[in-house]
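Peer 1: Protein sequences appear in the order of chains A and B. Quick note, in full-length UniProt numbering, the first sequence goes up one by one and the last residue is 750. Quick note, in full-length UniProt numbering, the second sequence goes up one by one and the last residue is 167. Cβ atoms here follow ideal geometry from the backbone N, Cα and C, with glycine treated the same way. Remember, it's a predicted structure, so these values are computed and weren't measured experimentally. Dropping a structure here in structure tokens format, bear with me for questions.
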Amino acid sequence: MTRHDDGIDLGRRHAMQTGGLAIAFLWLGGVGTARAMIDARRQPGDAAAALADGNPPFAPNAFIRIDAHGAIRLVMPSVEMGQGVYTGASMLLAEELGVGLDQINVEHAPPSDELYGMPLLGGQITGGSTSTRGSWQVLREAGAVARTMLVTAAAAQWHVDPAACTVERGVIHHAASGRSVAFGAVAVAAGKLPMPDKVQLTDPKDFKLLGKPMRRVDSPDKVKGATQFGIDVRLTGMKIATVMACPTLAGKLASVDDKAARAVPGVVTVLRLDNAVAVVGDHFWAAKQGLQALNITWDHGPNATLTTQQLRDALAESARHGQSIVAVDTGSRPAQGTTVHSEYRSPMLAHATMEPMNATVSVTADKCEVWTGTQVPMRALQAAAKITGLAEDKVVLHNQYLGGGFGRRLETDWVEQAVALAKQVSYPLKVVWTREEDIRHDRVRPMYHDVVSAVLDANGMPAWFGYRTSGSSVLARFAPPAMGKDGMDSDAVECVAQMPYDIPAKKVEWIRHDMPIGLVTGWWRGVGPTHNLFVVESFVDEMAHRAGKDPLEYRRALLQKNPRTLAVLNLAAEKIGWGKTLPSRVGRGIALGEPFGSRICAMVEAEVTPQGEVHLRRVVAALDCGMIVNSSSIEAQIQGGLLFGLSAAMFNAITIKDGGIEQGNFNDYRSLRINEAPSVEFYRVVNAEPPGGLGEVGTAIAAPALANAIFAATGVRLYELPVDRRLLVQSPDALKSVVSASRPERRDAT
Amino acid sequence: MLTLSVNGQSHPVDVPDDMPLLWVLRDVIGLTGTKFGCGIAQCGACTVHLDGEAVRSCVLPVGAIGQRAITTIEAVGNTPSGQKIQQAWLDVDVVQCGYCQSGQIMSAAALLQRVPNPSDADIDAAMSGNICRCATYVRIRAAIKQAATGKQELLQTLVSEPKGAAP
């Protein structure tokens with residue numbers, strides 16, 4: 001806890017708990033890119049104030065606005081995509097400001113790297129599970145700055161010592177004289193005061209909000225259907241378009257016969273881009289009917305015959321024999337000992353946010369306005385400026401609530417496309433992708449191939465661990481300056497370059513393997529850790545098995561120098577009742593890791609039917625994420641994150657045929673449903689360490705816990721995701737019996 | 001010209017008979033609480049009530065509706081089961097991104113109307129057509145039970161300090 005009894009100096013640099021991806025982005029500051037650093041004192045400039053604020057009398061920094069009537073608006077530096085950050089950020093501000101969450105309204109931040117840039121990522125980016133880690137101190141200080149100024153204004157009016165005043169629920173009290181004044185009544189006076197150099201932060205023992213389970217500030221509107229997502233934007237005179245880009249990745253539009261489409265009632269026009277066709281209608285249905293009536297000829301381009309198998313083979317070749325960049329090498333491989341050697345494969349994945357990609361755009365000769373839900377408001381604005389040729393100050397971006405992000409909305413491809421279409425017409429245009437377009441033109445999680453080895457000592461413990469991972473680099477495209485000087489992608493080896501375990505020597509290598517042009521890979525919830533933890537934690541189980549040891553005891557032995565992570569392992573083991581005898585073909589799997597500055601252990605209990613169907617019976621998770629902001633959100637993020645990861649591990653792979661993505665909707669890209677979802681029991685270790693990340697932590701640890709449970713249930717090791725049920729059939733005879741679609745009685749396990 | 005009864009109001013709409021109700025609600029009438037997720041009745045984000053029964057509006061042609069009463073998320077709070085479900089959703093704090101939750105609430109309200117005290121199997125059957133990519137399923141189940149029984153479900157973080165944990 002960074003509390004100083006004599007007040008906190010606002011000019012100092014904050015200590016921050018970083019994870020690998022965040023560390024990578026810190027390079028941005030070291031290579032000449034302007035490094036954003038949100039500041040508890042920095043005020044909005046005139047333009048931003050005019051745009052978003054209506055010139056409130058009291059706007060002491062970029063986050064807090066109080067008007068003369070006492071209305072309090074909090075401007076959110078990170079975007080809300082479900083992770084609960086609007087509630088967490090509000091709690092941090094409100095705690096120090098001295099108001100309740102029922103007294104505030106939240107607002108989306110306008111685009112500004114300067115005012116709302118995430119310090120850990122070098123720009124206005126919500127991702128990498130950084131929001132709380134990167135801004136918790138700044139937001140507390142910003143609240144304290146505002147409270148200090150309001151109290152100073154009241155004390156000056158009363159001619160009393162500010163230190164003798166207290167604040168409660170937006171009212172300043174002076175006990176000795178019995179006087180009270182609401183924030184609104186001193187807002188004008190406070191707005192004229194200079195910024196304090198030092199502020200006093202609330203002692204954690206006096207917290208009214210922080211650490212408590214608080215209900216989300218965005219729930220009331222969301223349960224009424226009143227929340228406006230990007231897809232809900234409606235403008236006067238607006239038309240609605242839907243679009244089809246060439247299904248062959250990197251393909252182009254050759255020609256299109258649109259006669260039949262134009263004859264569809266409600267179709268307004270047909271628009272062309274070099275790689276896509278859009279139909280504009282009075283409503284989405286007309287546009288979609290029109291799209292289906294088009295007769296399109298594509299130029300399939302260089303990927304016309306591309307298949308998943310070609311990609312897999314080439315990637316395997318790179319992993320086995322390619323020239324690597326060494327991330328870690330702490331000692332040579334022993335000549336003696338038992339060798340364990342495996343290769344793992346991870347598939348491409350789609351994000352499939354519930355809200356398909358969409359943007360609403362109005363372009364005039366000297367202005368462009370964009371309404372969309374984005375994780376990168378400033379990048380989206382810059383993309384619109386680039387496409388229109390307008391200066392950035394002629395582009396206005398109105399961010400919206402995001403119907404899921406998962407990394408997909410770190411991109412700007414759909415914004416660029418929507419702007420390119422809207423600039424061809426004279427009215428505001430809403431471009432909505434069909435679900436099929438959303439999956440076929442996703443920027444998919446990369447596929448990976450890993451070659452893993454270990455040499456075990458006489459006790460069966462690893463004396464040396466070797467890891468060669470190969471895949472495309474998202475970081476190299478997304479933030480080239482964040483790449484290492486040697487060409488290293490820190491995301492590629494995150495959670496394996498630094499492991500929780502005490503292993504005497506290890507070598508970790510990355511072999512960059514770019515995908516063909518047009519197959520663009522992107523950030524997917526949990527990023528590098530989701531992939532690496534699947535491999536590492538599966539392999540730890542393999543080593544334990546080879547050593548003839550219990551996977552829990554094996555991990556305990558490797559964690560003797562890591563008490564924080566050992567604690568989450570022990571907590572999960574205690575809560576699930578590790579070691580209990582289980583029915584036939586029921587198994588429990590362990591996985592643990594330290595992704596995004598937190599420590600997590602997940603244990604999955606799964607049953608595998610004789611026919612190879614996997615039923616998730618129970619999940620127990622134990623977490624150490626340091627200081628708690630909203631304990632309710634933490635539980636929700638771990639539960640949801642784990643199930644998101646299990647969903648992908650159970651069902652999902654994006655595959656390529658004839659150069660295009662084969663999947664297109666939830667019928668062939670399954671998502672876990674409630675009848676398939678186990679209970680997730682959540683526990684945490686309590687401490688006051690700086691906060692760790694949350695949004696991706698559960699996802700990152702899910703797949704290996706499942707794979708290890710399946711091994712425990714069946715003896716079959718899964719070297720590839722998603723789960724291949726054909727490998728899990730008990731015997732050929734099992735398939736002759738009726739395969740029941742119903743799952744076993746569900747609540748008897750716990 | 002069709003006349004639809006939506007949330008107790010008559011809406012004359014000039015649209016083709018085969019146009020799905022979803023797009024009439026969203027793009028013609030302007031009720032955007034009902035969401036588009038898949039267009040093929042696979043995700044349930046578009047769920048509305050037709051005479052109190054949950055249906056997927058993305059595949060329901062408006063010409064097939066006739067006189068039946070349409071209820072959307074904007075008005076389901078006026079029904080006893082809808083009111084209970086929405087309150088339980090708030091008490092349990094189910095939502096994350098929230099995009100699927102209109103559909104989840106409509107399916108849950110229809111279930112509670114039909115089965116006042118649903119079992120886990122009832123919940124599975126009624127709710128398995130509604131995908132939540134944030135995977136809020138644990139809380140959805142808890143909220144439906146709480147709405148049914150009025151008894152508080154176990155919701156909050158179970159704080160525990162393990163023996164021998166590091167500080």
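Between E542(A) and chain B, is any beta-carbon pair separated by less than 8 Å?
Peer 2: As a position in the first sequence, residue 542(A) is number 542, starting the count at 1. It does not; no Cβ of chain B falls within 8 Å.
Peer 1: Within 8 Å (strictly less), CB to CB, does T227(A) reach chain B?
Peer 2: Numbered from 1 along the first sequence, position 227 holds the residue referred to as residue 227(A). For T227(A), the answer is yes, since a Cβ of chain B falls inside 8 Å of its Cβ.
Peer 1: Give me whichever residues DSSP pairs with M447(A) in a beta bridge.
Peer 2: On the first sequence, residue 447(A) is found 447 positions in, with the first residue counted as 1. Answer is none; M447(A) lacks a bridge partner.
Peer 1: Would you kindly work out how many angstroms separate the C-alpha atoms of M214(A) and A176(A), rounded to a whole number?
Peer 2: Locating residue 214(A) in the first sequence gives position 214, counting from the first residue. Locating residue 176(A) in the first sequence gives position 176, counting from the first residue. Using only the alpha carbons, I get a separation of about 33 Å.
Peer 1: Beta carbon of T339(A), beta carbon of G405(A): below 8 Å?
Peer 2: The residue you call residue 339(A) lines up with position 339 of the first sequence. The residue you call residue 405(A) lines up with position 405 of the first sequence. No.
Peer 1: I'd like to confirm the pairing. Which residues does DSSP put opposite W371(A) in its beta bridges?
Peer 2: Position 371 of the first sequence, counted from the first residue, corresponds to residue 371(A). Paired residues: T360(A) and H398(A).
Peer 1: What separation, rounded to the nearest whole angstrom, lies between the Cα atoms of H11(B) and S5(B)?
Peer 2: Here the question's residue 11(B) lines up with position 11 in the second sequence. Here the question's residue 5(B) lines up with position 5 in the second sequence. Whole-angstrom Cα-Cα distance: 6 Å.
Peer 1: Check T2(A) in the structure and name its three-state DSSP category.
Peer 2: Numbered from 1 along the first sequence, position 2 holds the residue referred to as residue 2(A). Because T2(A) carries a pLDDT of 36, less than 50, the predicted location of this residue cannot be relied on, and no value is offered for it.
Peer 1: Could you work out which residues of chain B lie near M81(A), taking near to mean beta carbons separated by less than 7 Å?
Peer 2: Taking the first sequence and counting its residues from 1, one reaches residue 81(A) at position 81. Within chain B, the residues near M81(A) are C97.
Peer 1: Starting from I638(A), trace the alpha helix (DSSP H) both ways and give me its first and last residue.
Peer 2: In the first sequence, residue 638(A) corresponds to position 638, counting from 1. Element bounds for I638(A): S631 to F651.
Peer 1: State the start and end residues of the unbroken alpha helix (DSSP H) segment that holds F186(A).
Peer 2: By 1-based counting over the first sequence, the position of residue 186(A) is 186. The sequence given here places Val at residue 186(A); Phe does not occur at that position. First-last of the alpha helix (DSSP H) with V186(A): F183 to G191.
Peer 1: For the ligand ZN, is there any heavy atom lying closer than 7 Å to the beta carbon of W510(A)?
Peer 2: Absence of the ligand ZN is noted for the structure shown, with no ligands found whatsoever.
Peer 1: From the beta carbon of T205(A), is the nearest beta carbon of chain B less than 8 Å away?
Peer 2: Residue 205(A) sits at position 205 when you count from the first residue of the first sequence. Sequence inspection shows Lys at residue 205(A); the Thr mentioned does not correspond to that position. Chain B contact via Cβ: absent.
Peer 1: Report yes or no: do the stretch 511–530 of chain A and the stretch 443–462 of chain A share at least 3 C-beta pairs separated by less than 8 Å?
Peer 2: A contact exists between the stretch 511–530 of chain A and the stretch 443–462 of chain A.
Peer 1: Name the residue from W158(A), L101(A), L93(A) and S78(A) whose alpha carbon lies nearest to the alpha carbon of L120(A).
Peer 2: The count along the first sequence starts at 1 and reaches residue 120(A) at position 120. Comparing Cα-Cα distances from L120(A) to each of W158(A), L101(A), L93(A) and S78(A), the minimum goes to S78(A).
Peer 1: Is it the case that the stretch 303–312 of chain A contacts the stretch 31–41 of chain B, given that we only count it when at least three CB pairs across the two stretches are under 8 Å?
Peer 2: Short answer: they don't touch.
Peer 1: So, for T297(A): in the same chain, excluding its five sequence neighbours on each side, which residues have a beta-carbon less than 6 Å away from its beta-carbon?
Peer 2: Here residue 297(A) refers to the residue found at position 297 of the first sequence. Counting only Cβ-Cβ distances below 6 Å, and skipping sequence neighbours, we find A254 and S255.
Peer 1: Taking buried to mean at least 16 other C-beta atoms within 10 Å of its own C-beta, is P194(A) buried or exposed?
Peer 2: For the purposes of this step, residue 194(A) is identified with residue 194 of the first sequence, where counting begins at 1. That one is exposed.
Peer 1: Which residues in chain B have a C-beta closer than 9 Å to the C-beta of L694(A)? List them in chain order.
Peer 2: Taking the first sequence and counting its residues from 1, one reaches residue 694(A) at position 694. Near L694(A) there are no residues of chain B at all, since even the closest Cβ is about 12 Å away, more than 9 Å.
Peer 1: Assign D257(A) to one of three DSSP states: helix, strand, or coil.
Peer 2: As a first step, residue 257(A) is located in the first sequence; it is residue number 257 there, counting from the start. In this structure, D257(A) counts as strand in the three-state DSSP scheme.
Peer 1: Starting from the beta carbon of Q43(A), find every residue of chain D whose beta carbon is closer than 9 Å, and list them in chain order.
Peer 2: The question asks about chain D, but that chain is absent: this structure's protein chains are A and B.
Peer 1: Since R41(A) and V145(A) are thought to touch, with beta carbons under 8 Å apart, how far apart are those beta carbons, to the nearest angstrom?
Peer 2: Start at 1 with the first residue of the first sequence, and residue 41(A) comes out as number 41. Start at 1 with the first residue of the first sequence, and residue 145(A) comes out as number 145. That pair is a contact at about 6 Å.
Peer 1: Nearest chain B C-beta to Q639(A) closer than 8 Å, yes or no?
Peer 2: Stepping through the first sequence from its first residue, residue 639(A) is reached at position 639. It does; some Cβ of chain B falls within 8 Å.
Peer 1: Output the distance between the C-alpha atoms of L623(A) and A649(A), rounded to the nearest integer angstrom.
Peer 2: Numbered from its first residue, the first sequence carries residue 623(A) at position 623. Numbered from its first residue, the first sequence carries residue 649(A) at position 649. Cα to Cα, the separation comes out at about 21 Å.
Peer 1: Please report how far the alpha carbon of E494(A) lies from the alpha carbon of V59(B), in whole angstroms.
Peer 2: For the purposes of this step, residue 494(A) is taken as the residue at position 494 of the first sequence. For the purposes of this step, residue 59(B) is taken as the residue at position 59 of the second sequence. Those two C-alpha atoms are separated by around 44 Å.
Peer 1: Pick from F666(A), L209(A) and L235(A): whose alpha carbon is nearest that of M627(A)?
Peer 2: Position 627 of the first sequence, counted from the start, is the residue given in the question as residue 627(A). Nearest option by C-alpha distance: L209(A).
Peer 1: Output, in chain order, the set of chain B residues within a Cβ distance shorter than 8 Å of D102(A).
Peer 2: As a working note, residue 102(A) is residue 102 in the first sequence. Here the premise fails: no neighbours, minimum Cβ distance about 13 Å.
Peer 1: Consider the Cβ of T374(A): report whether some Cβ of chain B lies at a distance smaller than 8 Å.
Peer 2: Taking the first sequence and counting its residues from 1, one reaches residue 374(A) at position 374. No, because no Cβ of chain B sits closer than 8 Å to the Cβ of T374(A).
Peer 1: Rounded to whole angstroms, what's the CA-CA distance from A164(A) to T148(A)? Just pull it up for me.
Peer 2: For this step, residue 164(A) is matched to residue 164 along the first sequence. For this step, residue 148(A) is matched to residue 148 along the first sequence. A164(A) and T148(A): Cα-Cα distance of roughly 12 Å.
Peer 1: Among A62(A), V716(A) and S112(A), whose alpha-carbon lies nearest the alpha-carbon of A380(A)?
Peer 2: Indexing the first sequence from 1 puts residue 380(A) at position 380. Comparing Cα-Cα distances from A380(A) to each of A62(A), V716(A) and S112(A), the minimum goes to S112(A).
Peer 1: Residues of chain A with a CB under 9 Å from the CB of A21(B): which are they?
Peer 2: To locate residue 21(B), count along the second sequence from 1; it is residue 21. Reading the sequence as shown, one finds Leu at residue 21(B) and not Ala. The premise fails here: L21(B) is roughly 10 Å from chain A at the closest Cβ pair, so nothing lies under 9 Å.
Peer 1: Does the beta carbon of Q101(B) sit closer than 8 Å to a beta carbon anywhere in chain A?
Peer 2: Residue mapping note: residue 101(B) aligns to position 101 of the second sequence, counting from 1. So, interface residue.
Peer 1: Could you confirm whether any beta carbon from chain A is found closer than 8 Å to the beta carbon of G8(B)?
Peer 2: Within the second sequence, numbered from 1, the residue matching residue 8(B) stands at position 8. It does not: the Cβ of G8(B) has no partner Cβ on chain A nearer than 8 Å.
Peer 1: Within a Cβ cutoff of 6 Å, which residues of the same chain sit near F183(A), ignoring the five residues on either side of it in sequence?
Peer 2: In the first sequence, counting from the first residue as 1, residue 183(A) sits at position 183. The residues are I66, G70, L150 and G170.
Peer 1: Using the beta-carbon of each residue, which ones in chain A are nearer than 9 Å to E74(B)?
Peer 2: In the second sequence, counting from the first residue as 1, residue 74(B) sits at position 74. Per Cβ cutoff of 9 Å: K224, G225 and A226.
Peer 1: Starting from F534(A), trace the alpha helix (DSSP H) both ways and give me its first and last residue.
Peer 2: The residue given as residue 534(A) occupies position 534 in the first sequence. Note, F534(A): alpha helix (DSSP H), V527 to A547.
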